[in-house]
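Those letters in the sequence shown? Residues 12 to 484, per the working numbering, in order.
From the three backbone atoms N, C-alpha and C, an ideal C-beta is built for every residue, glycine too.
If you're wondering where the values come from, they're calculated on a predicted model, not measured in any experiment.
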Amino acid sequence: MENKKTKVLLVIAGDLFVRNYIRSGVAHKISEAFQLSIIANDACSLKADLESAPNFSGYFKTDPKHEAAHYNYFTLLIFRYRNRSKTFPFRLKRDIGWNLPDEAFSRIKKLKLLLKKGKRGREARRCVLQGNRLLFRFYKKRIEAKLPINQDLSQQISEIRPDILLFPSSAYDPAGNDVARICKKLGIKSVYLIDNWDNLSSKSVFWARPDFLGVWSEQHQEHAIRIHGFESSRVYPIGTPRFDDYFSQRGATTSKPFDFPYVVFSGCCLPFDETTALKALDQEIREHPEIYNELRIVYRPHPWRQKRKAEATFIESEFTHVVLDPQIRDQFLSNSENMSEQVSFQPSTDYYPLLLDNAQFVCGPLTTFLLESLIFKKHYIGLSYDDGTHITSPHNAFKYYEMYKGIDKHPGVTLVHNIQLLTSSFRTTFETYTPNCKEYKSWDKALNYYLRIDDSPYPQRLTQLIKAVEKDS
């Protein structure tokens, strides 16, 4: 008699997770070892991908008002525990205007904010009152008691009754709070699969906690322990499915996306003036054909870029050596001011190896694309200067984002802290860097701290995690 397979439920809360866990083939691989079911948020727009999965069991509905209440509580938790991560105060500055500890006249500015009319003033007053160290315990019980569990989600989980529930998570998910509470009530082991580099250090802290975490790396594990209070035995560094196929394709692509040599300029999600940097690089290439020959820059705006305050409109015809990445072109040209709202736009990661493997090197503000470039052994010129307009320009990203700590020590990274040094760094890198050079065997070793790298594919690592959770008493 065959052993009965462990029942595993995969709960998908958004389109990004459809791309990373359904399109990637991870769910299919997991179904070979376990009795897998999949349910998804009805708000997902990539329904064709979900419904074509043989293990798909249906959708659960969500209430926008209830989700808004969860997000309000996330903000309060960031305020209460703002000393746990240096990124939390930076997020409070962006979200409610709460001044950073090292800002000039910080106390005076905070007082003015508390007296201010409007949404930000109200939010600041709420955080100061309810996030007070002495009063928080009282408000915590009241708030959590008023956050109802999604009954549609609860019913579906109860009917499927898995042994283990997998939840891809941004650590900022209303559905995740419900999943953890439902699993605890039903005696189901819950596992969050952390999806992005910054999730454990920049979003909030867990109040409804899963039993286990599947994280990217040693760095993530440290964040889970220090910021969220997890025991190390409950946190498994297993990498991410987003980059899993890259390792077999680096140095092995057989075609090229362009018929000219190029450098990728990768844009960021947070507001930053990228056009000024691109104009400087375009001028550098144009004025020195004896150095660059036919080189061009392929500009890849972030697929969900947030609206900029004072960035000149990017008009491709005004550049001689900059072209838009065709994968992003239509979305950017039709909707550059509102791309952050178009989460249904999920560019296929199958294109990334082709783009990166054939690039000379990569340039841009600090984003996860930095890691992707290093996977392909491409030198990354990271812009980390103040653009003079946006508080989110990369000088502050480098200063306040926990995940960038130490990244400037990686042998493949050069940070530019002053825009005046951009063109000289670009020229030096172009003249001295050799793509796919065998000297860079140390790159993976240095990268492994940020992203687990070994010979086993992600589905195998996830399978091992599920089996370890299954055995845990």
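query                                                                                                                                                                                 : result
Find the nearest neighbour of proline 468 within the set Asn110, Thr324, Asp256 and Arg311, judged by alpha-carbon distance.                                                          : Asp256
In whole angstroms, what is the alpha-carbon distance linking cysteine 280 and threonine 286?                                                                                         : 14 angstroms
Quick check on the burial criterion: 16 or more other C-beta atoms within 10 angstroms. Buried or exposed for threonine 98?                                                           : buried
Could you spell out where the alpha helix (DSSP H) holding valine 190 opens and where it closes?                                                                                      : 185-197
Would the region 51-70 count as touching the region 23-42 if we require 3 or more Cβ pairs under 8 angstroms?                                                                         : yes
Is DSSP giving tyrosine 92 helix, strand or coil here?                                                                                                                                : coil
Distance, Cα to Cα, methionine 12 vs cysteine 194?                                                                                                                                    : Here methionine 12 scores only 44 on pLDDT, less than 50, and its place in the model should not be relied on; the value that follows carries that caveat. Methionine 12 and cysteine 194: Cα-Cα distance of roughly 30 angstroms.
Give the range of the alpha helix (DSSP H) segment to which cysteine 138 is assigned.                                                                                                 : 130-141
Can you tell which of Gln230, Lys196, His239 and Trp208 has the C-alpha that lies nearest to the C-alpha of valine 216?                                                               : His239
To the nearest angstrom, how far is the alpha carbon of tyrosine 363 from that of isoleucine 386?                                                                                     : 11 angstroms
Using CA atoms only, rank isn't needed, just tell me which of Ala38, Lys72, Thr445 and His77 is closest to serine 63.                                                                 : Ala38
Within the same chain, show all residues whose beta-carbon is closer than 8 angstroms to that of valine 29, passing over the 5 residues directly before and after it, in chain order. : Ile23, Ala51, Cys55, Leu57, Asp60, Leu61 and Gln357
Given 7 angstroms as the limit, tell me if isoleucine 168 has its C-beta closer than that to any heavy atom belonging to the ligand ATP.                                              : The ligand ATP is absent from the structure shown, which contains no ligands of any kind.
Would you kindly report the start and end of the unbroken beta strand (DSSP E) that includes isoleucine 392?                                                                          : 391-394
Considering only their Cβ atoms, is the gap separating threonine 17 from isoleucine 175 smaller than 8 angstroms?                                                                     : yes
Using the three-state DSSP reduction, which class does asparagine 210 fall into: helix, strand or coil?                                                                               : helix
Is it true that the region 148-162 meets the region 93-109, where meeting means three or more beta-carbon pairs spaced less than 8 angstroms apart?                                   : no
Assuming isoleucine 23 is part of the alpha helix (DSSP H), what are its boundary residues?                                                                                           : It is not in any alpha helix (DSSP H) - isoleucine 23 instead sits in the beta strand (DSSP E) that spans 18-23.
Going by the CB atoms, is the gap between arginine 307 and glycine 278 shorter than 8 angstroms?                                                                                      : no
If I measure Cβ to Cβ from tyrosine 84 and keep anything under 8 angstroms in the same chain, skipping five residues before and after, which residues do I get?                       : Ile154, Glu155, Leu158 and Trp218
Grouping DSSP H, G and I as helix and E and B as strand, with all else coil, what is valine 226?                                                                                      : strand
Is it buried or exposed, arginine 220, if we count other Cβ atoms within 10 angstroms and call 16 or more buried?                                                                     : buried
Just to confirm before moving on: does the CB-CB distance between valine 202 and leucine 177 stay below 8 angstroms?                                                                  : yes
Using 10 angstroms around the beta-carbon of isoleucine 302, count the other beta-carbons present and answer buried if the total reaches 16, otherwise exposed.                       : exposed
Tell me which residue opens and which closes the alpha helix (DSSP H) that lysine 157 is part of.                                                                                     : 147-157
Just tell me which of Gly393, Lys151, Lys420 and Tyr412 has its CA closest to the CA of leucine 432.                                                                                  : Gly393
Apart from the five residues on each side of it in sequence, which residues of its chain come closer than 8 angstroms, Cβ to Cβ, to glutamate 242?                                    : Ile236
Mind checking whether valine 427 and serine 395 have CB atoms under 8 angstroms apart?                                                                                                : yes
Mind the definition here: the region 328-335 touches the region 290-298 only if three or more C-beta pairs lie below 8 angstroms; say whether that holds.                             : yes
Can you name the residues that DSSP bridges to phenylalanine 67?                                                                                                                      : Ile49
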